[in-house]
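Asker: First the structure, which I've put down as structure tokens, then a few questions once you've had a look.
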RNA sequence: GUGGCCGUAGCUCAGUUGGUUAGAGCGCCAGGUUGUGGCCCUGGAGGUCGGGGGUUCGAGUCCCCUCGGUCACCCCA
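In our numbering, the protein residues as written are 1315 to 1762.
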């Protein structure tokens, strides 16, 4: 019973995003939409849960995400469902189901769920922005997709983001390479760390990605995928690198880059923010998945996409004091010390005229109401006291600039507030430190 | 799933070898200013000391359990 008295909390690893922070999220999503829609991508919403097999088949039963991190459940009809742990598999499922004309270019913003222990930059429910482009294997599409992610990251004002790219090969060249890698590792198995000695046969690539020194030492001389690409994959990768260079997207080839989902073929890439001193500094990543549509039951169709973690991106922005967003200020705050009817009517009139207005309730003192007006960040207070009431006027008191207050007839309030709004710079409620303009036009980009 | 650290007001924290009615700053409310916000002053509200059990004459302080938070490993956004 004592348990019932404990106040309720959001479940572990989840977070509330309340007002002014939510305004920043909205601004980020809007920025993303602008970038990708300008490139022909259309917004797609798909269900937040899918049949479990969509992920099991798509992401791969051997991956950690599917093996131990999925929010899996049975519904009342006994169906096995799962909350989406990532964005690609559901969109590929939607592609297979609806068969839109190719190339199909879609973007999404969605929560993603993974049952992991929360820590800095990692949540059980996090949010991703991403795109998927399905229907062509042209390497220039890889370049386009990577450049879009880069442009967003640079556009929000992050000065330092590292991009690593790699090629995973394809069914022509990868199996032979994997066999060669296993053959190299087998005799050295005893030198590997415990987990990777275990997984050597199932997923030898993971060993390359291991950060432990013992694995590092063993793999220093191990054969690399890049040296074993087939002719087609090599040409593809060359074209991707050439394209990135042509578009001034800085990158480094990382021949140890291994990504967590089984579906990747050829190009894979990852963006990290060195400014994040937390362990989780990957802000986004993606790759090509030329076999995935087929795995989902569609015709053989190539595709590529990426996902960006909203929480991590914003964390990285915090570290650089980038992407500071000021929510729009109120145009007016109505102060009424004569009963409240005027405030009621006036706020409604201002709002219906397209202005942003608020007021105080509970018939508080003028001092209290003006305090509230100040705190609200409103550009001016519209004051109604006994004198104004008698004269059919209101007093317009500027709050953000040092100017005299003026009296205007009741009829002229909307115009007066509108004029004030036009010439008063905005300042958000509780604005702390640097106040920038709400409109996000200028942002320098520095390329290393 | 494994491990470290931490739970005292809305927030950030103090709380002396266990010892009377648990404190501060900020925030909030009210007043100083019977018509005017930001600064200043005064007062006020607000605490199951995460929860449960134990030791003790006495527990915020010690012990056990539990819940929660946080950071890291694994892996990922």
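The beta carbon of each residue, even a glycine, is placed where N, CA and C say it ideally should be.
1. Can you have a look at residue 1700 and say buried or exposed, based on whether 16 or more other CB atoms are within 10 angstroms of its CB?
2. Give the straight-line distance between the Cα atoms of residue 1430 and residue 1604, rounded to the nearest whole angstrom.
3. Go ahead and label residue 1460 buried or exposed: buried means 16 or more other beta carbons lie within 10 angstroms of its beta carbon, across all protein chains shown.
4. Leaving aside the five residues before and after residue 1703 along the sequence, list all residues of the same chain whose C-beta is less than 6 Å from its C-beta, in chain order.
5. How should residue 1593 be labelled, buried or exposed, when 16 other C-beta atoms within 10 angstroms of its C-beta is the threshold for buried?
6. When you compare only the Cα positions, how much space is there between residue 1670 and residue 1464?
7. Mind the definition here: the region 1328-1345 touches the region 1389-1407 only if three or more C-beta pairs lie below 8 Å; say whether that holds.
8. Mind checking whether residue 1693 and residue 1714 have CB atoms under 9 Å apart?
9. Got a sec, what are the start and stop residues for the alpha helix (DSSP H) residue 1411 sits in?
10. What is the DSSP secondary structure of residue 1566, reduced to helix, strand or coil?
11. Which same chain residues, not among the five before or five after residue 1498, have their C-beta less than 7 Å away from its C-beta?
12. Looking at residue 1417: is its Cβ nearer than 9 Å to the Cβ of residue 1442?
13. In or out: residue 1635 buried (at least 16 other Cβ within 10 Å) or exposed?
14. Buried or exposed: which applies to residue 1456, given that a residue is buried once 16 or more other Cβ atoms fall within 10 Å of its Cβ?
15. Output needed for residue 1647: all residues of its chain with C-beta closer than 6 Å, excluding positions within five of it in sequence on either side, in chain order.
16. Which runs of the beta strand (DSSP E) fall wholly inside the region 1416-1446 and span at least 3 residues, in chain order?
17. Here's the rule I'm using: 16 or more other beta-carbon atoms within 10 Å means buried, otherwise exposed. How should residue 1681 be labelled?
18. Could you please give me the residues that DSSP links to residue 1721 through a beta bridge?
19. Between the alpha carbons of residue 1449 and residue 1616, how many angstroms are there, rounded?
20. Pull the bridge partners of residue 1694 from the DSSP assignment, please.
21. For residue 1759, is the classification buried or exposed, using 16 other Cβ atoms within 10 angstroms of its Cβ as the cut-off for buried?
22. Kindly indicate which residue of 1352, 1401, 1561 has the alpha-carbon position closest to the one of residue 1575.
23. Could you please give me the residues that DSSP links to residue 1395 through a beta bridge?
24. What did DSSP end up calling residue 1478 once you bin it into helix, strand or coil?
25. Return the first residue and the last residue of the beta strand (DSSP E) that residue 1541 is part of.
26. Have a look at the DSSP bridge pairing and note the partners of residue 1734.
27. Between the C-alpha atoms of residue 1344 and residue 1324, what's the straight-line distance to the nearest angstrom?
28. Is the beta carbon of residue 1602 closer than 9 Å to that of residue 1582?
29. With distances taken Cα to Cα, identify the nearest neighbour of residue 1528 among 1469, 1508, 1432.
30. Residue 1514 to residue 1503, Cα distance in whole Å?
31. Below 8 Å on the Cβ atoms is my contact criterion, and I expect residue 1360 with residue 1408 to pass it. Report the Cβ-Cβ distance as a whole number of Å.
32. Can you give me the C-alpha to C-alpha distance between residue 1374 and residue 1494, rounded to a whole angstrom?
33. Do you know how far the Cα of residue 1522 is from the Cα of residue 1479?
34. From what residue to what residue does the beta strand (DSSP E) around residue 1672 run?
35. Which full runs of the alpha helix (DSSP H) of 4+ residues lie inside the region 1495-1524, going along the chain?
36. What first and last residue would you give for the beta strand (DSSP E) that runs through residue 1619?
Answerer: In short, the structure shows the following:
1. It counts as exposed.
2. Straight-line Cα distance between these residues: approximately 29 Å.
3. Sixteen is the threshold: when 16 or more other Cβ atoms of the shown chains lie within 10 Å of the Cβ of residue 1460, as they do, the residue is buried.
4. Here the set comprises 1652.
5. Residue 1593 should be labelled exposed.
6. For the pair residue 1670 and residue 1464, the Cα-to-Cα distance works out to about 36 Å.
7. Between the region 1328-1345 and the region 1389-1407, the count of C-beta pairs closer than 8 Å stays below three; the two stretches do not touch.
8. For residue 1693 and residue 1714, yes; Cβs fall inside 9 Å.
9. In the DSSP assignment, residue 1411 falls within the alpha helix (DSSP H) that extends over 1402-1412.
10. Reduced to three states, the DSSP call for residue 1566 is strand.
11. Once the five neighbours on either side are set aside, the close Cβ partners of residue 1498 are 1536, 1537.
12. No, they are not a contact pair.
13. With fewer than 16 Cβ atoms within 10 Å of its Cβ, residue 1635 is classed as exposed.
14. Only buried fits residue 1456, as 16 or more other CB atoms lie within 10 angstroms of its CB.
15. In the same chain as residue 1647, and ignoring 5 residues on each side of it, the C-beta atoms closer than 6 Å to its own belong to 1672, 1687, 1690, 1692, 1695, in chain order.
16. With a minimum length of 3 residues, the continuous beta strand (DSSP E) runs that stay inside the region 1416-1446 are 1418-1427.
17. The C-beta of residue 1681 has fewer than 16 other C-beta atoms within 10 Å across all chains shown, which makes the residue exposed.
18. DSSP output for residue 1721 lists 1709 as bridge partner(s).
19. The straight-line gap from Cα to Cα measures roughly 5 Å.
20. Assignment of beta-bridge partners to residue 1694 by DSSP yields 1646, 1712.
21. Residue placement at residue 1759 is flagged as unreliable, the pLDDT there being 35, under the threshold of 50; the coordinate-derived value follows with that caveat. With fewer than 16 other Cβ atoms within 10 Å, it is exposed.
22. It is 1401.
23. According to the DSSP secondary-structure assignment, residue 1395 is paired through a beta bridge with 1365, 1387.
24. Three-state DSSP puts residue 1478 in a strand.
25. Where residue 1541 is concerned, there is no enclosing beta strand (DSSP E), because DSSP gives it neither an H nor an E.
26. In the DSSP output, where bridge partners are listed per residue, residue 1734 has none listed.
27. Computed Cα separation, rounded: 27 Å.
28. Between residue 1582 and residue 1602, the C-beta spacing is below 9 Å.
29. Among 1469, 1508, 1432, the Cα nearest to that of residue 1528 belongs to 1508.
30. Cα-Cα distance, rounded: 8 Å.
31. 5 Å between Cβ atoms; contact.
32. If you take the alpha carbons of residue 1374 and residue 1494, they lie about 22 Å apart.
33. Whole-angstrom Cα-Cα distance: 15 Å.
34. DSSP places residue 1672 inside the beta strand (DSSP E), whose first and last residues are 1671-1673.
35. If only uninterrupted alpha helix (DSSP H) runs of at least 4 residues are considered, those enclosed by the region 1495-1524 are 1508-1513, 1519-1523.
36. 1617-1623 is the span of the beta strand (DSSP E), which, as asked, contains residue 1619.
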